[in-house]
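S.K.:
Number of protein chains: 2
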Amino acid sequence: MAGSSIGSAAVVGAGLVGSAWAIVFARAGVTVRAFDASEDIRRTTVVRIRASLEDMAKAGLVDGVDAICSRVTVVDDLRAAVSDVDYVQESVFERVEEKRGVSEAIGALIRDDAVVGSSSSGIPASAFTEHAPRRERFLIAHPVNPPHLVPLVELVPAPWTDPAILPWLRGVMQWVGQAPIVVNREIEGFILNRLQGVLLMEAWALFEDGYASVADIDLCVSQGLGLRWSFMGPFETIDLNAPGGVDDYARRLGPLYHSIAQSRANPRPWSPELIERARSERRAALAQEKLPERSAWRDRRLMALVAHRRSQPSE
Amino acid sequence: MAGSSIGSAAVVGAGLVGSAWAIVFARAGVTVRAFDASEDIRRTTVVRIRASLEDMAKAGLVDGVDAICSRVTVVDDLRAAVSDVDYVQESVFERVEEKRGVSEAIGALIRDDAVVGSSSSGIPASAFTEHAPRRERFLIAHPVNPPHLVPLVELVPAPWTDPAILPWLRGVMQWVGQAPIVVNREIEGFILNRLQGVLLMEAWALFEDGYASVADIDLCVSQGLGLRWSFMGPFETIDLNAPGGVDDYARRLGPLYHSIAQSRANPRPWSPELIERARSERRAALAQEKLPERSAWRDRRLMALVAHRRSQPSE
Chain A
1 MAGSSIGSAA VVGAGLVGSA WAIVFARAGV TVRAFDASED IRRTTVVRIR ASLEDMAKAG
61 LVDGVDAICS RVTVVDDLRA AVSDVDYVQE SVFERVEEKR GVSEAIGALI RDDAVVGSSS
121 SGIPASAFTE HAPRRERFLI AHPVNPPHLV PLVELVPAPW TDPAILPWLR GVMQWVGQAP
181 IVVNREIEGF ILNRLQGVLL MEAWALFEDG YASVADIDLC VSQGLGLRWS FMGPFETIDL
241 NAPGGVDDYA RRLGPLYHSI AQSRANPRPW SPELIERARS ERRAALAQEK LPERSAWRDR
301 RLMALVAHRR SQPSE
Chain B
1 MAGSSIGSAA VVGAGLVGSA WAIVFARAGV TVRAFDASED IRRTTVVRIR ASLEDMAKAG
61 LVDGVDAICS RVTVVDDLRA AVSDVDYVQE SVFERVEEKR GVSEAIGALI RDDAVVGSSS
121 SGIPASAFTE HAPRRERFLI AHPVNPPHLV PLVELVPAPW TDPAILPWLR GVMQWVGQAP
181 IVVNREIEGF ILNRLQGVLL MEAWALFEDG YASVADIDLC VSQGLGLRWS FMGPFETIDL
241 NAPGGVDDYA RRLGPLYHSI AQSRANPRPW SPELIERARS ERRAALAQEK LPERSAWRDR
301 RLMALVAHRR SQPSE
């Protein structure tokens, strides 16, 4: 654990998220061992990684697809994957029993100085690492999907995580090209899904009450709020939105936002009828069978956006 | 009011927002008359418009700066600005008395078939047009700052707005290159600031409770959530984020988001101490005197992003 770089990493769970992590590590020069309990997934891992890398090469995001692929080895047991690596990224199915089982198995096999990050998007590490061997080496390293295109990673320790791991893993994640943040202690939804969640709750409530269509609420973000948020966070946005900075803005607009929040003090769950109305509007805009095609469009747009961001002078 | 295009527009209030609106209309070929009650602002309007257009030309966003500027005439009384135009965009200082006074003056001067949109970001039209002559011709047309770069416009009718104006103005705004949405009836904060507000309230609460720094919460958006939101809204994002679409996603994750919302059922105002903590962190990252320079950086990034978005194949 000297310095914030790693020579080897294991990817445990090699589906969509795990194979994207393999790309993240391999493109940074790290030797990757990938394991999945499913033989079907193991057999297709390298093909899927190569296809993603070729798409990225077309978008100008990587060179040397062959060299990157050559750093990834798929292995057929967990021990071969994790027993001698510096870092393990666990991305198995998000169910607490599954996370618990694999964490206990990993903890028994790793080196004393290895670190294990879980891709869990909602279950905190304390819920599945309590009885794992070397539990102080485990924490959450929650990516945004897909991590080879969206850099954010939330690092969230369990109460027993060795505090020295946080600055180290933050450094490693930066070194491989991700954008890590530290969530100081566990909270439901961590930070990313809480921020997404409150915006979604308001969007659904406005739709439910007939203020606007799903399509118009979407435009409000994709043609409005989302432009600045693609290169600045919400605090910097408001810091630049009042002559005196963030405190000037907060004094002027804090009361409005507090009043809006009070109007939602009794949040409503999304009812089956409401979900059906949203479904019906979305399916009129995009047929069910076109979802995969549109997801491929989203990935191309993301790749083009990442290339655009890289073209901008560093700040 | 035949067809969704206009030949002439007046801009009333020619500060930052008003002069950006002059650019929006003039670049679409519309003849613009600009008026501001301040002689200082009137004297600098054309210079400021030209400087913005030259920046945009450098970013590849407009051609023919001279031709666009030649369509804008600054006039020195309100009557000359509004008496014979198809559309009036009012952008005076956001105080209800000021909005009321200018709306009553405009209503007395316009043609019967003209339409008046107010740039008001929070005060609803019913609060200042009730006693205006031709009050059925008034509504909110709230832009994002600056409207010549960020296309969203919220159209919000007062209870007495002629309903035929909404589809017409939506068409006009699309024709000049903006992205209008219709908010079916008045609500505090309209839609854009409600969505921004709920995300800000959560961000401030997480910061207050010590979960993360201002800088890390900002990264959560600028390196995570904001990437997809710069080309897709929140509903489309979740529609593509579960195999079965939006309803599948809502059934899986609705309970988590409802639970997060319930944890904020008692929203706290931003206290002076909290504002001071955020100010102190932002000012350590960016000195007060660097705010204007950083705002210029934001505008360059926005221009580059707009150019990037235009380069993408249409959907």
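First to last, the protein sequences are chains A and B. Numbering (the working numbering) for the first sequence: 1 to 315. Numbering (the working numbering) for the second sequence: 1 to 315. Backbone N, C-alpha and C define an ideal beta-carbon position, used for all residues, glycine too.
Return the chain-ordered list of same chain residues with a C-beta closer than 7 Å to the C-beta of A:Ile217, the five sequence neighbours on each side being excluded.
M.R.: For A:Ile217, where only same-chain residues beyond five positions count, the Cβ hits under 7 Å are Ala203, Leu206, Phe207.
S.K.: My guess is that B:His148 and B:Val24 are in contact by the Cβ rule of under 8 Å, so how many angstroms apart are they, rounded?
M.R.: 5 Å between Cβ atoms; contact.
S.K.: Whose CA, out of B:Gly244, B:Leu192, B:Arg228, lies closest to the CA of A:Leu256?
M.R.: It is B:Leu192.
S.K.: What separation, rounded to the nearest whole angstrom, lies between the Cα atoms of A:Glu54 and B:Arg228?
M.R.: Between A:Glu54 and B:Arg228, the C-alpha separation is close to 21 Å.
S.K.: Closer than 8 Å by beta-carbon distance: list the chain B residues that pair up with A:Ser5, in chain order.
M.R.: Near A:Ser5 there are no residues of chain B at all, since even the closest Cβ is about 20 Å away, more than 8 Å.
S.K.: Counting contacts by CB-CB distance shorter than 8 Å, is A:Asp239 in contact with chain B?
M.R.: Chain B contact via Cβ: present.
S.K.: Strictly below 9 Å CB to CB, what residues from chain A border B:Met201?
M.R.: Within chain A, the residues near B:Met201 are Val198, Tyr257, His258, Ile260, Ala261.
S.K.: Any Cβ of chain B within less than 8 Å of the Cβ of A:Ile217?
M.R.: Closer than 8 Å: yes.
S.K.: Does the Cβ of B:Pro163 have 16 or more other Cβ atoms within 10 Å, making it buried, or fewer, making it exposed?
M.R.: Answer is exposed; the Cβ neighbour count stays below 16.
S.K.: Give me the DSSP bridge partner(s) of B:Pro180.
M.R.: B:Pro180 pairs with B:Val153.
S.K.: Note down, in chain order, every chain B residue with its Cβ under 7 Å from the Cβ of A:Val144.
M.R.: Neighbours of A:Val144 on chain B, chain order: Gly224.
S.K.: Is there a Cβ of chain A sitting closer than 8 Å to that of B:Gly60, yes or no?
M.R.: It does not; no Cβ of chain A falls within 8 Å.
S.K.: Measuring straight from C-alpha to C-alpha, what distance separates B:Met1 and B:Val306?
M.R.: Legend: pLDDT at B:Met1 = 49, less than 50; position of this residue unreliable, value from coordinates given subsequently. Going by the C-alpha atoms only, they are around 30 Å apart.
S.K.: With 8 Å as the C-beta to C-beta threshold (strictly closer), list the residues of the region 117-136 of chain B near chain A in chain order.
M.R.: Correct list: Gly122.
S.K.: What whole-angstrom Cβ distance do A:Gly233 and B:Leu219 have, given they're in contact under 8 Å?
M.R.: That belief holds up - the Cβ atoms of A:Gly233 and B:Leu219 are roughly 6 Å apart, short of 8 Å.
S.K.: On a Cα-Cα basis, can you pick out the residue from A:Ala141, A:Val32, A:Trp270, A:Ala242 that is closest to B:Leu291?
M.R.: Ranking A:Ala141, A:Val32, A:Trp270, A:Ala242 by Cα distance to B:Leu291 puts A:Ala242 first.
S.K.: State the DSSP-derived secondary structure class of B:Pro292, mapped to helix, strand or coil.
M.R.: Residue state, collapsed to three classes: helix.
S.K.: What residue from B:Arg251, B:Trp297, B:Gln174 has the CA that sits closest to A:Phe231's CA?
M.R.: Among B:Arg251, B:Trp297, B:Gln174, the Cα nearest to that of A:Phe231 belongs to B:Trp297.
S.K.: Identify whether A:Met1 lies in helix, strand or coil by the three-state DSSP scheme.
M.R.: Only weak support exists for where A:Met1 lies, its pLDDT of 49 falling under 50; the value from the coordinates is given anyway. Looking at A:Met1 - three-state DSSP - the assignment turns out to be coil, as it is neither helix nor strand.
S.K.: Do A:Ala81 and A:Ser118 have their C-beta atoms within less than 8 Å of each other?
M.R.: Cβ distance not < 8 Å, so A:Ala81 and A:Ser118 don't count as in contact.
S.K.: Beta-carbon of B:Ile394 versus every beta-carbon of chain A: anything under 8 Å?
M.R.: Residue 394 of chain B is absent from the structure shown; chain B starts at 1 and stops at 315.
S.K.: For A:Gln174, name the three-state secondary structure that DSSP assigns.
M.R.: Helix.
S.K.: Kindly indicate if chain A contains any beta-carbon less than 8 Å away from that of B:Asp77.
M.R.: By this cut-off, B:Asp77 is not an interface position.
S.K.: Just the C-alpha distance for A:Glu104 and A:Ala51, rounded to the nearest angstrom, thanks.
M.R.: Their backbone Cα atoms lie some 33 Å apart in a straight line.
S.K.: Could you check how far apart the C-beta atoms of B:Val72 and B:Ile49 are, in whole angstroms? I think they sit under 8 Å.
M.R.: So it is a contact: roughly 6 Å between Cβ atoms.
S.K.: Measure from the alpha carbon of A:Ile123 to the alpha carbon of each residue in A:Val156, A:Arg137, A:Glu136, then state which is nearest.
M.R.: Among A:Val156, A:Arg137, A:Glu136, the Cα nearest to that of A:Ile123 belongs to A:Val156.
S.K.: Can A:Gln312 and B:Arg301 be called in contact, C-beta distance under 8 Å?
M.R.: Against a cut-off of 8 Å, the Cβ pair of B:Arg301 and A:Gln312 comes out as a contact.
S.K.: Scan the region 230-295 of chain A and note each continuous beta strand (DSSP E) run of 3 residues or more that stays entirely inside, going in chain order.
M.R.: None, since the region 230-295 of chain A contains no complete beta strand (DSSP E) of that length.
S.K.: With A:Thr31 and A:Gly7 assumed to form a contact (beta carbons below 8 Å), what rounded beta-carbon distance in angstroms separates them?
M.R.: Sure, about 6 Å apart at Cβ, within 8 Å.
S.K.: Strictly under 8 Å for the Cβ-Cβ distance: is A:Val72 near chain B by that measure?
M.R.: Output row for A:Val72: interface = no.
S.K.: Run through DSSP, which three-state label would B:Thr73 get?
M.R.: The answer is strand: DSSP assigns B:Thr73 an E or B state.
S.K.: Does the Cβ-Cβ distance between B:Pro146 and B:Ala179 come in under 8 Å?
M.R.: Their beta carbons are not under 8 Å apart, which means B:Pro146 does not touch B:Ala179 by this criterion.
S.K.: Should B:Gly210 be labelled buried (16 or more other beta-carbon atoms within 10 Å of its own) or exposed?
M.R.: The residue is exposed, with fewer than 16 neighbouring Cβ atoms inside 10 Å.
S.K.: Can you find a C-beta in chain A that's less than 8 Å from the C-beta of B:Phe319?
M.R.: What is shown of chain B runs 1 to 315, which leaves residue 319 of chain B out entirely.
S.K.: Would you tell me roughly how many angstroms separate the C-alpha atoms of A:Pro269 and B:His258, rounded to the nearest one?
M.R.: Cα to Cα, the separation comes out at about 6 Å.
S.K.: With distances taken Cα to Cα, identify the nearest neighbour of A:Trp21 among A:Glu236, A:Pro143, A:Pro272.
M.R.: Of A:Glu236, A:Pro143, A:Pro272, the residue nearest in Cα terms is A:Pro143.
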